[in-house]
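Chemist: Dropping the structure in here first, questions after.
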Amino acid sequence: MNTALEYFYIGFDFYKKGFLDEAIEQYKIAINLDSNFARAYNFLGIAYFDKGFLDEAIEQYKIAISLDSNDATSYYNLALGYYKKGLLDKAIEQYEIAINLNPNDVKVYYNLGTVYSDKGLLNEAIEQYKIAISLDSNDATSYYNLALTYYKKGLLDEAIEQYEIAINLNPNFASAYKNIALIYADKGMYDEAIEMLKKACLLGSESACDFLKKFGISI
24 MNTALEYFYI GFDFYKKGFL DEAIEQYKIA INLDSNFARA YNFLGIAYFD
74 KGFLDEAIEQ YKIAISLDSN DATSYYNLAL GYYKKGLLDK AIEQYEIAIN
124 LNPNDVKVYY NLGTVYSDKG LLNEAIEQYK IAISLDSNDA TSYYNLALTY
174 YKKGLLDEAI EQYEIAINLN PNFASAYKNI ALIYADKGMY DEAIEMLKKA
224 CLLGSESACD FLKKFGISI
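In case it helps, the numbering used here puts the sequence shown at residues 24 to 242.
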């Protein structure tokens, strides 16, 4: 007879292959064999989350936390669940706990910044993105989101600067080219905007291509 840990790893193997129902089944067997297996509850929650079963995912994350209150990952996952349900304040609370437990996890600051941005707390969002960048200066997405937030504040030059850094880190970042184009258009720099739209279109941005076609501009 397999142990709880063995069933857990069978479930994880199914999960990696995209077989969520099979993963859930194996995680449940692991939990039946060891009801204190916090990691199994956490991973069961992840599988539920990926299936869109948010309430079930949140329930599992809470059980995982009750069994191991020092695991930052469970709080992070719980925050994701709350965010997906639109419960932004609850998401912030869980992200802050995750940060206290693991202050070097870049993705927590990045996601916390996104929640603040969604709440319209742009200064707080900027602060979180800057922390994320300080921890990983090679993450193009953090610069991209910092640029988005600067744009929301009307700080166009600052936004362009951050988009350019994102592009330097990821030259195929179509959305960054497109958003720079929008800023150039706002500034009346139409030739520059068109050049950025062309680059975005060539990189697969359908909206950039549609805009160019609308005005009869060839790539």
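Just so it is clear, CB atoms sit at the ideal spot from N, CA and C, and this is done for glycine as well.
Quick one: grab the DSSP three-state call for S89.
Modeler: Position 66 of the sequence shown, counting from 1, holds the residue named residue 89. S89: helix per DSSP, three-state reduction.
Chemist: Quick one: using the 10 Å Cβ neighbour count with 16 as the cut-off for buried, is F35 buried or exposed?
Modeler: By 1-based counting over the sequence shown, the position of residue 35 is 12. Per the 10 Å Cβ criterion, buried.
Chemist: Are F37 and A63 closer than 8 Å when you measure CB to CB?
Modeler: By one-based count along the sequence shown, residue 37 stands at place 14. By one-based count along the sequence shown, residue 63 stands at place 40. Going by C-beta atoms, F37 is not nearer than 8 Å to A63.
Chemist: Please classify K236 as buried or exposed, where buried requires at least 16 other C-beta atoms within 10 Å of its C-beta.
Modeler: One-based indexing of the sequence shown puts residue 236 at position 213. Classification for K236: exposed.
Chemist: Once you ignore the five residues that flank A163 on each side, which residues in its own chain have a CB closer than 7 Å to its CB?
Modeler: Walking along the sequence shown from the start, residue 163 turns up at place 140. So the qualifying residues of the chain are A189, L192, N193 and F196.
Chemist: Enumerate in chain order the residues of its own chain whose CB-to-CB distance from Y71 is below 8 Å, with the five nearest sequence positions on each side excluded.
Modeler: In the sequence shown, counting from the first residue as 1, residue 71 sits at position 48. Taken in chain order, the residues that qualify are I47, L77, E79, A80 and Q83.
Chemist: So, helix, strand or coil for F76, using DSSP?
Modeler: Here residue 76 refers to the residue found at position 53 when the sequence shown is read from its first residue. Three-state result, F76: coil.
Chemist: Taking only the alpha-carbon atoms, compute the straight-line gap between A199 and E184 and give it to the nearest angstrom.
Modeler: Here residue 199 refers to the residue found at position 176 of the sequence shown. Here residue 184 refers to the residue found at position 161 of the sequence shown. The alpha-carbon atoms of A199 and E184 are separated by roughly 11 Å.
Chemist: What is the rounded straight-line gap between the Cα of L225 and the Cα of A170?
Modeler: Position 202 of the sequence shown, counted from the start, is the residue given in the question as residue 225. Position 147 of the sequence shown, counted from the start, is the residue given in the question as residue 170. If I take the Cα positions, the gap works out to 22 Å.
Chemist: At the level of alpha carbons, what is the spacing between A182 and I149?
Modeler: Numbered from 1 along the sequence shown, position 159 holds the residue referred to as residue 182. Numbered from 1 along the sequence shown, position 126 holds the residue referred to as residue 149. Spanning the two alpha carbons is a distance of roughly 11 Å.
Chemist: Given Y207, which residues of its chain have a CB within under 6 Å of its CB, disregarding the five upstream and five downstream residues?
Modeler: By 1-based counting over the sequence shown, the position of residue 207 is 184. E215 and A216.
Chemist: Under a three-way DSSP split, which group does G234 fall into?
Modeler: To locate residue 234, count along the sequence shown from 1; it is residue 211. The sequence given here places Phe at residue 234; Gly does not occur at that position. DSSP places F234 in helix when its eight states are reduced to three.
Chemist: Classify S241 as helix, strand or coil using the three-state DSSP reduction.
Modeler: Working through the sequence shown from its first residue, we reach residue 241 at position 218. Correct three-state label for S241: coil.
Chemist: Pick helix, strand or coil for M212, following the three-state DSSP scheme.
Modeler: Stepping through the sequence shown from its first residue, residue 212 is reached at position 189. M212: coil per DSSP, three-state reduction.
Chemist: Would you mind working out which of G75, N25 and L205 sits nearest N55, comparing C-alpha positions?
Modeler: Locating residue 55 in the sequence shown gives position 32, where the first residue counts as 1. Residue N25 is the option with its Cα nearest to N55.
Chemist: What is the rounded straight-line gap between the Cα of K175 and the Cα of N127?
Modeler: By one-based count along the sequence shown, residue 175 stands at place 152. By one-based count along the sequence shown, residue 127 stands at place 104. Approximately 27 Å between the Cα atoms of the pair.
Chemist: Whose C-alpha, out of A121, K153, D112 and N123, is nearest the C-alpha of G143?
Modeler: Within the sequence shown, numbered from 1, the residue matching residue 143 stands at position 120. Out of A121, K153, D112 and N123, D112 has the C-alpha closest to the C-alpha of G143.
Chemist: Got a sec, what are the start and stop residues for the alpha helix (DSSP H) F35 sits in?
Modeler: The sequence position of residue 35 within the sequence shown is 12, counting from 1. First-last of the alpha helix (DSSP H) with F35: A27 to K39.
Chemist: For T96, tell me which candidate among Y106, I120, L110 and G75 has the shortest Cα-Cα distance.
Modeler: The residue labelled residue 96 in the question sits at position 73 within the sequence shown. The shortest C-alpha separation from T96 is found at I120.
Chemist: Is Y213 buried or exposed, if buried means 16 or more other CB atoms sit within 10 Å of its CB?
Modeler: By 1-based counting over the sequence shown, the position of residue 213 is 190. So Y213 counts as exposed.
Chemist: Tell me the residue span of the alpha helix (DSSP H) that contains N123.
Modeler: Along the sequence shown, read from residue 1 onward, the residue named residue 123 stands at position 100. Start and end: L111 to L124.
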